[in-house]
Amino acid sequence: MSKTEPLDQDPVFQLKGSMLAITVLELARNDLDSLDRQLAAKVAQAPNFFSNAPLVLALDKLPPGEGAVDLPGLMRVCRQHGLRTLAIRASRIEDIAAAIAIDIPVLPPSGARERPLEMPEAEVKKKPEKPPEPTIKQTRVITTPVRGGQQIYAQGGDLVVVSSVSPGAELLADGNIHVYGPMRGRALAGVKGDTKARIFCQQLSAELISIAGHYKVSEDLRRDPMWGSGVQVSLSGDVLNIIRL
């Protein structure tokens, strides 16, 4: 080979098969509230076992007559408990269409026999005799723009962004969220169920806002007279209230 011949003849990648451990969540009923409660109880038994666990959502075993599944809401419930959805398994046309709409891979129904997941005994915790003392964590402050594709989580406290939030970015906080700039991505406050959490921003242009699992998407938000304004968002019952700052 001459010195002037390009060196990119050598392969720079290989495609290989792999046997990865991926959890399958097989949905038996279309009930997100019950799923949220039961997942919380399961994760409390072995939190490290579920942390950032890759997940396939199996919708192909839902009984006939179950209504349409809120796929983004279902994925959000799983994400709040540490489960990261890689794909769904479905046979119903409406479930496949919902997955395609948000660019989630769809797997065909499984004919294999799957065994229930066994949690490691070392992770299972005994019920404490008294509740642990609450841990107060410092507010997380972000001073640079949050780019599309970034996910920022303030665990146990508030999240403050002193800049803009781009489309495709995601903000999560156990407490409140403050954005001192345009908020164009997704903002989920009170992700552990704090119904008193609030969202504050100088310009509401979000793709989604959520407090304690109750949410509105951009299609609803654009019809609100506060769209594009400085607002605060709070939860009253099951309703998100948006008022001017």
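Throughout the sequence shown, residue numbering follows the working numbering, covering 1101 to 1345 in sequence. For every residue, glycine included, the Cβ atom is placed at its ideal position computed from N, Cα and C.
Residue interval of the beta strand (DSSP E) (run including residue i)
i            : result
residue 1273 : 1270 to 1273
residue 1168 : Premise fails: residue 1168 is in no beta strand (DSSP E) and is neither H nor E.
residue 1347 : Outside the displayed range of the chain (1101 to 1345) lies residue 1347, so it cannot be described from this structure.
residue 1254 : 1251 to 1254
residue 1188 : 1183 to 1189
residue 1343 : 1339 to 1344
residue 1200 : First-last for residue 1200: 1193 to 1201, but that is the alpha helix (DSSP H), not the beta strand (DSSP E).
residue 1241 : 1240 to 1242
residue 1125 : 1123 to 1126
Start-to-end residues for the alpha helix (DSSP H) that takes in residue i
i            : result
residue 1171 : 1171 to 1180
residue 1137 : 1132 to 1145
Straight-line Cα distance separating residue j from residue i
i            : j            : result
residue 1336 : residue 1140 : 23 Å
residue 1224 : residue 1331 : For residue 1224, the predicted model reports a pLDDT of 49, less than 50, meaning its position is unreliable and no value from the coordinates is stated.
residue 1151 : residue 1125 : 15 Å
residue 1222 : residue 1274 : The predicted model places residue 1222 with a pLDDT of 46, which falls under 50 and marks its position as unreliable; any figure quoted below should be read in that light. Whole-angstrom Cα-Cα distance: 27 Å.
residue 1163 : residue 1128 : 7 Å
residue 1199 : residue 1208 : 13 Å
residue 1283 : residue 1248 : 12 Å
residue 1305 : residue 1238 : 27 Å
residue 1204 : residue 1190 : 12 Å
residue 1130 : residue 1142 : 18 Å
residue 1183 : residue 1149 : 10 Å
residue 1197 : residue 1172 : 12 Å
residue 1112 : residue 1144 : 43 Å
residue 1321 : residue 1110 : 52 Å
residue 1170 : residue 1202 : 12 Å
Which listed residue (the options) has its alpha carbon closest to that of residue i
i            : options                   : result
residue 1176 : 1343, 1292 and 1344       : 1292
residue 1255 : 1342, 1186, 1276 and 1298 : 1276
residue 1132 : 1174, 1288, 1273 and 1238 : 1174
residue 1180 : 1311, 1323, 1339 and 1345 : 1311
residue 1338 : 1324, 1315, 1146 and 1205 : 1315
residue 1296 : 1333, 1327, 1166 and 1345 : 1333
residue 1185 : 1245, 1294 and 1206       : 1206
residue 1263 : 1172, 1238 and 1303       : 1303
residue 1166 : 1183, 1192 and 1188       : 1192
residue 1137 : 1178, 1344, 1252 and 1327 : 1178
For residue j and residue i, believed in contact at Cβ under 8 Å, the rounded distance
i            : j            : result
residue 1195 : residue 1155 : So it is not a contact: roughly 16 Å between Cβ atoms.
residue 1260 : residue 1241 : 5 Å
residue 1267 : residue 1285 : 6 Å
residue 1301 : residue 1279 : 4 Å
residue 1342 : residue 1326 : 5 Å
- If you scan the stretch 1283 to 1334 from start to end, which runs of the beta strand (DSSP E) of 3 or more residues do you find wholly inside it? 1286 to 1289, 1299 to 1304, 1308 to 1311 and 1314 to 1317
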